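The structure appears below as structure tokens.
Number of protein chains: 2
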Amino acid sequence: MSDTADIQKAIGPKSSGRAPGPGRPREFDESKALETALNVFWQKGFEAASLDDLTKAMGLSRSSFYGTFGSKQALFQRALVQYSQKALDNLQDVADTAENDPVGAMVEALADPQGGSRGCMLINCVTELAPHDQDVATIGRRHLESIEEIIARAIDPDNPDTARDQASAYASLAIGTLALRKAGVPAERIAKTLAQAKSVLSPD
Amino acid sequence: MSDTADIQKAIGPKSSGRAPGPGRPREFDESKALETALNVFWQKGFEAASLDDLTKAMGLSRSSFYGTFGSKQALFQRALVQYSQKALDNLQDVADTAENDPVGAMVEALADPQGGSRGCMLINCVTELAPHDQDVATIGRRHLESIEEIIARAIDPDNPDTARDQASAYASLAIGTLALRKAGVPAERIAKTLAQAKSVLSPD
DNA sequence: CTAAATATGGACTGATCATTCCGTAAATGT
DNA sequence: ACATTTACGGAATGATCAGTCCATATTTAG
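See below:
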């Protein structure tokens, strides 16, 4: 196998933005398919999401799946990155549109993410895969650092560095409550936990 | 199949404490084997721990494995319960032997559990399985509630109920940092996060 | 119209999974 | 010694896994 073929395999087949040259056109929307796959991974995790699950949900044949995304692993990484960007955008948006307590609003948003009981996809995947998958660990670490950065900027826009540890504490707190929620601790108890922590942590 | 056979299957085969009646004696120590299995599950998670992994580590044939533990699922639940008991005992011990700051010591212990980078087995398993496995969710919820209880008693032995929310916040904080650690956030940063949170949360 | 290029459907492959089964070994009770 | 009971080693089973392959379909370029 040639070097270029290796590289081609590593980065995945001619995935997106290809020129409208010759050949039969795709019968599906690649970014829609990616979004669908993201939801399957979010709900089931990486290992438990089988190719049948994925292709059925995405409406793709296996040929189209591999032709477009290269491998389950490659698709998963694209989904993770996409999720991270979307989640960070959403968090920033919460910070920007909060009326009086942006930090509190962000903590609430982190502790009760969109998507019901699936929790945060990145935390799920970090827990499942990061110890044995360096790429996932890196994506997860950057995501967490970005969360801390956004919170720190909201705490003190002028000196975000000094607020970094506090921001990290808020983020860890919110992430910890995700485990409570998954284990079935009542939402009311979790709300009280957050309220307690916020009342003490906030400078008021 | 008879009802008794159903029950027998549900609770697992003649597992422990059997009378030394007739028949060939076991060539292995059941509790040692359970402990070994626990470590495999801890390191790999439930799905990723194959029966080859388990039986090889435990030194059992498949016959002995199924004859003793009934199924992978049943063995896993026994391992989870055993882990929970051990972890709670250890936490209580940290609280009892701490010199001046039992709560802080417990938070440190929760945030940096024994077993290196494997994190807390129960948090791992709750994240992986609780959404789709009611039994695991229940074991996890009870474990988390027990942690909160132990912390609350250390905060205020006379009125542990009033300290419950604060205890829950400490526990969530510590559990959240486990995700940071798995994602490869430097230990030094995590220590600063905990120090910051403790200095603010503690009544001093 | 023909050749080249890309996409699709679905059968196929080889590996691995949890679990079962069977022949044999090793103990007890009579 | 012999029947009974339990344990062991390891082959067999059927399901499922990710990934490949090929015949066919649909497009563009000339």
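Protein chains in written order, with the working numbering: chain A, 1 to 204; chain S, 1001 to 1204. From the three backbone atoms N, C-alpha and C, an ideal C-beta is built for every residue, glycine too. This one's a predicted model, so the numbers in the text were calculated from it and none came from an experiment.
Listed in chain order, the positions of the stretch 156 to 174 of chain A with a beta carbon within less than 8 Å of a beta carbon of chain S are 165, 166, 168, 169, 171, 172, 173 and 174. Between the stretch 123 to 135 of chain A and the stretch 36 to 51 of chain A, the count of Cβ pairs shorter than 8 Å is three or higher; the stretches touch. Look at the beta carbons and you see the stretch 1129 to 1137 of chain S not touching the stretch 1193 to 1201 of chain S: under three pairs across the two are nearer than 8 Å. Excluding residues up to 5 positions away in sequence, 1095, 1102, 1103 and 1106 lie with their Cβ nearer than 7 Å to the Cβ of residue 1154 (chain S) in the same chain. In chain order, 148 and 152 place their CB closer than 7 Å to the CB of residue 164 (chain A), counting only its own chain and leaving out the 5 sequence neighbours on each side.
Per DSSP, reduced to three states, the secondary structure at residue 183 (chain A) is coil, with no helix or strand assignment. Taking the beta carbon of residue 77 (chain A) as reference, no residue of chain S falls within 9 Å; the closest one sits roughly 15 Å away. DSSP places residue 159 (chain A) outside both helix and strand once states are collapsed to three, so it counts as coil. The beta carbon of residue 82 (chain A) sits closer than 8 Å to the beta carbons of 34, 35 and 38 from its chain, once the five residues preceding and following it are set aside; these are given in chain order. Residue 130 (chain A) and residue 49 (chain A) have their C-alpha atoms roughly 17 Å apart. If you check the CB distance, residue 1191 (chain S) and residue 141 (chain A) do not come in under 7 Å.
Membership of residue 1105 (chain S) in the alpha helix (DSSP H) is indicated by the continuous run 1102 to 1111. For the pair residue 1180 (chain S) and residue 144 (chain A), the CB atoms are nearer than the 7 Å cut-off. Within a 10 Å sphere around the beta-carbon of residue 1114 (chain S) sit fewer than 16 other beta-carbons, which makes this residue exposed. Rounded to the nearest whole angstrom, the CA to CA distance from residue 1187 (chain S) to residue 1093 (chain S) is 24 Å.
At a Cβ-Cβ threshold of 7 Å, residue 1172 (chain S) and residue 177 (chain A) count as neighbours. Contacts between residue 1080 (chain S) and chain A, judged by CB atoms closer than 7 Å, are missing: the closest CB pair is about 12 Å apart. Shown here for residue 119 (chain A): same chain residues with a beta carbon closer than 8 Å to its own, the five before and five after excluded, namely 113, 178, 181 and 182 in chain order.
Your pair residue 1028 (chain S) and residue 1060 (chain S) checks out as a contact, with CB atoms roughly 6 Å apart and the cut at 8 Å.
The beta carbon of residue 1121 (chain S) is closer than 6 Å to those of 1042 and 1083 in its chain, skipping five residues each way along the sequence. Neighbours of residue 123 (chain A) in chain S, taken as residues whose beta carbon is under 8 Å from its own, are 1127 and 1179 in chain order.
Not flagged as an interface residue toward chain A: residue 1040 (chain S), since no C-beta distance is shorter than 7 Å. Judged by DSSP secondary structure, residue 31 (chain A) falls within the alpha helix (DSSP H) whose first and last residues are 30 to 44. In the displayed model, residue 196 (chain A) falls within a helix according to three-state DSSP. Under the Cβ criterion of 7 Å, residue 116 (chain A) is not counted among the residues facing chain S. Ranked by Cα distance from residue 1185 (chain S), the first of S:1086, S:1117 and S:1200 is S:1117.
Per the coordinates, the alpha-carbon of residue 77 (chain A) lies some 10 Å from the alpha-carbon of residue 46 (chain A).
In this structure, residue 1200 (chain S) lies near residue 201 (chain A), with their beta-carbon atoms less than 7 Å apart.
For the pair residue 1023 (chain S) and residue 1097 (chain S), the Cα-to-Cα distance works out to about 47 Å.
Between residue 1111 (chain S) and residue 1174 (chain S), the CB-CB gap stays under 7 Å.
Proximity of chain A to residue 1113 (chain S) at the Cβ level (cut-off 9 Å) is not reached, the minimal Cβ distance being about 13 Å. Counted as a single uninterrupted DSSP element, the stretch harbouring residue 1098 (chain S) is not any alpha helix (DSSP H), since DSSP gives it neither H nor E. Of all residues in the stretch 1083 to 1107 of chain S, none places a beta-carbon less than 9 Å from a beta-carbon of chain A. Counting only the Cα atoms, residue 1166 (chain S) lies some 55 Å from residue 26 (chain A). As the crow flies, the alpha-carbon of residue 1051 (chain S) is around 9 Å from that of residue 1065 (chain S).
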